[in-house]
Amino acid sequence: MESFTTAKTSNRGWIVTLSGTGINLALGILYAWSVFKGAIPESWGWTNAQKALPYAVACFVFSLAMVPAGRLQDKIGPRWVATMGGIFVGAGFIIASLSGSSLAGFVIGFGILGGMGIGFGYASATPPAVKWFPPEKTGLITGIVVSGFGLASCYIAPLASKLLDVFSVSQAMMIFGIAFLVIVAILSQFLVNPPVKMESSTKVQAKASNCEFSWKEMLSKKHFYVLWITYFIGAGAGLTFISFAQDLGKKSLGELAFMVVAILAIGNAAGRIMAGFISDRAGREKTIFCFLIAQAITVFILYLVKEGANWLLILVIVLLIGGNYGSNLSLFPSATKDYFGLKNFGLNYGIMFTAWGASGLFLPWLNGKIRDLTGTNDLMFLVIIGLLLFGALLIKVYNPKREGRKTY
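The sequence shown begins at 6 in the working numbering and counts up one residue at a time.
See below:
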């Protein structure tokens, strides 16, 4: 009877995990903007900066929404918060579709409501999944759930392109809005926390490791800032150089440049799962250190070859950049859970996730400024390499494990 109960519990945990992965696959609708942007008619009169605005706002709101969404899912459960996320995303796309050529309508719909919905859904997908499994599987389960978001561009961009071959931008936005509202709302119903007895057992293990903190207590710990800074660096490096790789791909691959998007997505998703799996065995801080060093080496190789590389080397570099970037989205939620506990995991990781939002705003902006001043990206390569080495040194010298907390 005990083995039957254990198997049933394990199956339920995998249902929650795969539902969270499916939600993230749907929330990757964020990646559709690059296709929509290219299809905006000239008659709308939007400048390039205006075309980039809805996406920039969506990314910013996404990172901010993680904080209240994390707190809400801690309080009322992941099912309702994820459902709200689906409603926000659907409503946002529908509003944008009804806005005609209004930039404000797209900023409010896609940018604000869409970004908020993505944040609510993303914040609710991982916490319930990791609660169904023992601590030594935290990294793997986290990696599987968040891999959905990384893999989404493999199907979102081609699907958006196919729709735009037949429908207008507004009509395609309406179709996406209705479809993803329904999909996320249905999958959200499977996001449930484990029985109180089982969850309490996991929390006992967390308390035994002396790591159950409120957000205020978390902010008083030095290792929060070590993790935040290294998250900022690791994620920012990936976000910056993903655009570099796409440009290089166009020069080296010509008509096959579309492969860059698929390779990036595969690397992104694989990096999330692989880093989670490795960190369960080697430890979070060691794995973070290794992936920061690996990204620094990859960027240095890219700096050396640049436009002179052949297409195969470019694809390998793109795969590694995507994998190293994706590792951050698995390692840091796992580290947040390890160091600060399950009780307030949603809110605590929401705060930690602001590192992703800040890096996505600042480092690409800095790259643009450097390119305006120097005419090339060469200096930014060196800046990123320096930041990655600094992050690796920081996590190595100030190892959070020294405070006596067990990590897996």
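Yeah, the Cβ is synthetic: ideal placement off N, Cα and C, and Gly gets one too.
Rounded separation between residue i and residue j - CA only
i    : j    : result
A397 : N333 : 13 Å
I45  : K167 : 15 Å
P200 : W137 : 9 Å
V402 : F115 : 42 Å
W19  : F172 : 37 Å
N349 : S284 : 22 Å
L244 : G110 : 27 Å
A211 : R17  : Residue confidence for A211 is low, a pLDDT of 49 falling below 50, so the modelled location carries little weight; the figure read from the coordinates is stated next. Cα to Cα, the separation comes out at about 22 Å.
F65  : Y36  : 14 Å
E141 : K374 : 43 Å
N29  : A130 : 7 Å
F282 : M385 : 31 Å
E47  : V174 : 12 Å
F337 : F395 : 17 Å
L58  : V112 : 7 Å
Y413 : D377 : Its pLDDT being 48, under 50, Y413 is placed unreliably in this model, and the coordinates cannot settle the point.
Q194 : D383 : 48 Å
C295 : N372 : 25 Å
F246 : I271 : 16 Å
L318 : I390 : 19 Å
G82  : Q176 : 34 Å
L368 : Y344 : 27 Å
C216 : G346 : 5 Å
A134 : L145 : 11 Å
I161 : A54  : 23 Å
V21  : F154 : 16 Å
L192 : T381 : 45 Å
D170 : L108 : 22 Å
S214 : T341 : Residue placement at S214 cannot be trusted, given a pLDDT of 49 that sits under 50; the coordinates are not used to answer.
N198 : D79  : 10 Å
T52  : A61  : 14 Å
L103 : G331 : 35 Å
V189 : T379 : 45 Å
K411 : V72  : In this prediction, K411 has a pLDDT of 49, which is less than 50 and means its spatial position is unreliable; what the coordinates show is noted afterwards. So the alpha carbons of these two residues sit roughly 25 Å apart.
I34  : L366 : 20 Å
S225 : F218 : 10 Å
F93  : I180 : 15 Å
T10  : P139 : With a pLDDT of 48 at T10, under the threshold of 50, the predicted position of this residue should be treated as unreliable, and no value is reported.
V187 : K56  : 27 Å
E286 : F237 : Sequence check: residue 286 is Arg here, not Glu. Each residue's Cα considered, the two are about 24 Å apart.
Residue range of the alpha helix (DSSP H) that includes residue i
i    : result
T381 : Per DSSP, T381 belongs to no alpha helix (DSSP H) and is neither H nor E.
N333 : 316-345
G155 : 143-156
E290 : 289-310
C64  : 53-81
G110 : 108-111
F350 : 350-357
W220 : 220-224
S173 : It is not in any alpha helix (DSSP H) - S173 carries neither H nor E in the DSSP assignment.
S4   : The requested residue 4 does not occur in the structure, where the chain is confined to residues 6 to 413.
F125 : 120-136
Residue i and residue j closer than 7 Å at C-beta
i    : j    : result
A63  : G119 : yes
L269 : G328 : no
S68  : T303 : no
E290 : N404 : yes
G241 : S364 : yes
G182 : G95  : yes
G90  : G50  : no
V40  : A165 : yes
L196 : R84  : yes
V323 : V265 : yes
W233 : N353 : no
S335 : T143 : no
G43  : A87  : no
L156 : A274 : yes
G288 : P132 : no
A301 : T292 : no
A74  : M178 : no
C159 : A267 : yes
Do three or more CB pairs link the region 145-154 to the region 18-29 at distances below 8 Å? yes
Cβ contact check for the region 223-236 and the region 342-357: 3 or more pairs under 8 Å: yes
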